[in-house]
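Asker:
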Amino acid sequence: MFRLRDYYDGAIPSGIAFIIIDLYELYRFTKEEYYMNTIKELVYYFGEDMNKNPLAYLYSIIAVGNFI
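Next comes the structure, spelled out in structure tokens:
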């Protein structure tokens, strides 16, 4: 059995926001491009939705903004 997760943020940040933050921390400590490339892929995948409804992805946008 599994639980479906929302991609958008609510009162609790989405898993995507936490993944972006964690990947950035891994990149910062290791300097491995794999982590940064994964972040870029996530932002590319969710970017259109983030632009259409930024309030639904607030924590994810803040996470991305921390390293831009």
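Numbering-wise, the sequence shown is residues 56 to 123 according to my numbering. Cβ atoms here follow ideal geometry from the backbone N, Cα and C, with glycine treated the same way.
1. Measure the alpha-carbon distance for residue 82 versus residue 105 and round it to whole angstroms.
2. Which whole-angstrom value is the C-beta distance of residue 114 and residue 68, which I expect to be below 8 Å?
3. Between residue 116 and residue 97, is the Cβ-Cβ spacing less than 8 Å?
4. Which first and last residues belong to the alpha helix (DSSP H) in which residue 82 is found?
5. Could you give the DSSP three-state label for residue 94: helix, strand or coil?
Answerer: Short version:
1. Along the sequence shown, read from residue 1 onward, the residue named residue 82 stands at position 27. Along the sequence shown, read from residue 1 onward, the residue named residue 105 stands at position 50. Rounded to the nearest angstrom, the gap between the Cα atoms of residue 82 and residue 105 is 23 Å.
2. As a first step, residue 114 is located in the sequence shown; it is residue number 59 there, counting from the start. As a first step, residue 68 is located in the sequence shown; it is residue number 13 there, counting from the start. So it is a contact: roughly 4 Å between Cβ atoms.
3. If you number the sequence shown from 1, residue 116 lands on position 61. If you number the sequence shown from 1, residue 97 lands on position 42. No, the pair does not count as a contact, with Cβ atoms beyond the cut-off.
4. The count along the sequence shown starts at 1 and reaches residue 82 at position 27. Membership of residue 82 in the alpha helix (DSSP H) is indicated by the continuous run 70 to 85.
5. Residue 94 sits at position 39 when you count from the first residue of the sequence shown. Helix at residue 94.
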